[in-house]
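Asks:
Residue numbers (our numbering): 6 to 602.
(1) Give a yes or no on contact between the segment 368–384 and the segment 315–335, applying the rule of three or more CB pairs nearer than 8 Å.
(2) How is the alpha helix (DSSP H) around residue 327 delimited, first residue to last?
(3) So, do the segment 363–372 and the segment 384–404 have three or more beta carbon pairs nearer to each other than 8 Å?
(4) Who are residue 413's beta bridge partners in DSSP?
(5) What distance in whole Å lies between the Cβ atoms of residue 373 and residue 458, which are believed to be in contact at a cut-off of 8 Å?
(6) Identify whether residue 500 lies in helix, strand or coil by the three-state DSSP scheme.
(7) If you draw a straight line from the alpha carbon of residue 212 to that of residue 332, how long is it in whole angstroms?
(8) Confirm, please, whether the CB-CB distance from residue 482 to residue 285 is below 8 Å.
(9) Per DSSP, residue 276 forms a beta bridge with which residues?
(10) May I ask you to list the residues that DSSP assigns as paired with residue 392?
(11) Skipping 5 residues on each side, what residues in its chain have a beta carbon closer than 7 Å to that of residue 542?
(12) Of the choices 278, 414, 588, whose alpha-carbon is the least far from that of residue 218?
(13) Which whole runs of the alpha helix (DSSP H) in the segment 443–521 are 4 residues long or more, in chain order?
(14) Residues in the same chain with beta-carbon distance under 8 Å from residue 441, minus the five sequence neighbours each way, listed in chain order, please.
(15) Hey, residue 533 and residue 548 are a contact pair by Cβ (cut 8 Å); roughly how many whole angstroms apart?
(16) Can you round the beta-carbon distance between residue 226 and residue 338 to whole angstroms, since I take them to be within the 8 Å contact cut?
(17) Residues in its own chain within less than 8 Å of residue 592 by CB, not counting five upstream and five downstream?
(18) Please state the DSSP three-state secondary structure of residue 187.
(19) Got a sec, what are the start and stop residues for the beta strand (DSSP E) residue 337 sits in?
(20) Got a sec, what are the start and stop residues for the alpha helix (DSSP H) residue 428 sits in?
(21) Cβ of residue 282 within 8 Å of Cβ of residue 389?
(22) Looking at the structure shown, is residue 265 part of a helix, part of a strand, or coil, going by DSSP?
(23) Could you give the residue range of the alpha helix (DSSP H) that holds residue 433?
(24) Pick out whichever of 351, 241, 430 has its Cα sitting closest to the Cα of residue 392.
(25) Select from 540, 595, 584 the residue whose C-alpha is nearest the C-alpha of residue 564.
(26) CB of residue 379 to nearest heavy atom of the ligand NAP: below 7 Å?
(27) Got a sec? Which residues, its chain only, sit under 7 Å from residue 341 by beta carbon, not counting five neighbours each side?
(28) Is DSSP giving residue 271 helix, strand or coil here?
(29) With 16 other CB atoms within 10 Å as the buried threshold, where does residue 310 fall?
(30) Which residues mark the beginning and the end of the alpha helix (DSSP H) in which residue 549 is found?
(31) Indicate whether residue 252 and residue 417 have their beta-carbon atoms separated by less than 8 Å.
(32) Can you tell me where the alpha helix (DSSP H) with residue 575 in it begins and where it stops?
(33) From this set, 221, 415, 312, 293, which residue's C-alpha is nearest residue 243's C-alpha?
(34) Report the option in 506, 539, 566, 452 whose CA atom is closest to the CA atom of residue 490.
(35) Which residue's Cα is closest to the Cα of residue 497: 476, 560, 484?
(36) Relative to the C-alpha of residue 486, which residue among 468, 471, 470, 513 is closest?
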């Protein structure tokens, strides 16, 4: 199907009608994570007609290998940012500037919602809105979101203890501004109607928009655009369709009205300031020197360094303070991947990118390797035009998804997305275990095959705090042995400070056990034997499956695996772990009976 046959948000209706994670003309559907740059970075508005059969970026530009970091071999010179009207110098925080007159406004509740998915869903007129957050494909993808991707990852600052999914009743979050709005987690903001008297709302200021964008870039926000605080009825219906199809996860805000009626988050909101931070590392990061060899796991790019939620929120808090100082009467509501607003919809309306078939937002400058966030505000700002990019006829993301989570273009079943699977607690459904391969948190497959992400001219972020840490194995990934034997202190000192830490140590170790089974490496055998004696039933149960999987890949290990499983079956008291051991034994014994003696 050619691009002209695929209606998208922003076509013919202008800003204010995007669906979140992958909207179409008939309706919105969603997906995890999330421009001003060189206008030659990708397809332009007129590329649809000229290249409807083209897959992604302009022809003639060589593609990188999947997973290759742009510039690892020959870094192109920095590319100029997209030309914009010259902005007047931005005032320092606290500096008085004329042009903004106070009027009545409310302070938004910058609370947290649910963890993000790496990749969360847009769809084709049916259900394309998924969880909040573009971080890794469900992306989680985002949060994955979400996802969200998500993605996902509840600490405000790296090192903070991850929050539970819901705040305890009565818990408060401090708000800026003359009044403080107190709100229980998961509830809409209901400010005191008498609290705003005497606070005039800001009036339009022609120079404020460019000053705001300049300030955002000074803070290290790579992308910034303005959208209206409106979400279409199409988007609402898309979320309802997604709910009806069973694609929403527990990570996502269940109150559809709260996601599309932005006045409930910030009464009187007029503008959305949408920002993005690029997280593709600008140089390869090796594992620690002298680290022993052994089977390694793979982490999604979004969780290899400092938790991006804290990084993004701190920049947005600073930007919100600047706006409140610059424009008396300004009120803001901060969202950064885990809050209710449909961030990808607002980002598309603000011109940061377009929805791809993978349900990721695709930007000109950075492809899909972008974290999204922003501010809702009662300050009137002129919206930016959307960018009408296109995937052409490319379906690489759908073809590459190992679980079929992308059930159709722009539609993600988050429950099948490996990014979500790595974040769920308890037992991983057996149908997904082999498909996980060596992924231990998140999944980047749909992003790694995207032509927009394979251009040598792809810009890369310059945010050292987001670069892969050697402590988590750098780009090579962590040693599975170290994950399996990780202490609580080691988890708190390293992993809890990343976006992979919010689900806890047991989830990471369970995923490492699955990856050991999928490795086919004989060195995994003693580690899995050790895991069979773990005090946690969920680790023992997955270790039994992994032993059977290892014996399937390396038949010469089958006799040893059988002996270990039979011994474990005799002492196992937990019913779930016992079922896993019995199932692994049945598979191994069945294969031995079928094989010639």
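The beta carbon of each residue, even a glycine, is placed where N, CA and C say it ideally should be.
Replies: Judging by the given coordinates:
(1) yes
(2) 313–331
(3) yes
(4) 416
(5) 6 Å
(6) helix
(7) 12 Å
(8) no
(9) 233, 382
(10) According to DSSP, which records beta bridges pairwise, residue 392 is partnered with nothing at all.
(11) 579, 581, 582
(12) 278
(13) 450–453, 485–489, 493–498
(14) 423, 426, 427, 433, 516, 519, 520, 523
(15) 5 Å
(16) With a Cβ gap of about 17 Å, residue 226 and residue 338 do not count as contacting.
(17) 553, 557
(18) Here the model assigns residue 187 a pLDDT of 29, short of 50, so the residue's position is not dependable and the matter cannot be decided.
(19) 337–340
(20) That residue, residue 428, is in no alpha helix (DSSP H); it is neither H nor E in DSSP.
(21) no
(22) helix
(23) That residue, residue 433, is in no alpha helix (DSSP H); it is neither H nor E in DSSP.
(24) 351
(25) 595
(26) As for the ligand NAP, it is missing from this structure, which has no ligand bound.
(27) 314, 317, 318, 321, 378
(28) coil
(29) buried
(30) 542–558
(31) yes
(32) 563–576
(33) 415
(34) 539
(35) 476
(36) 513
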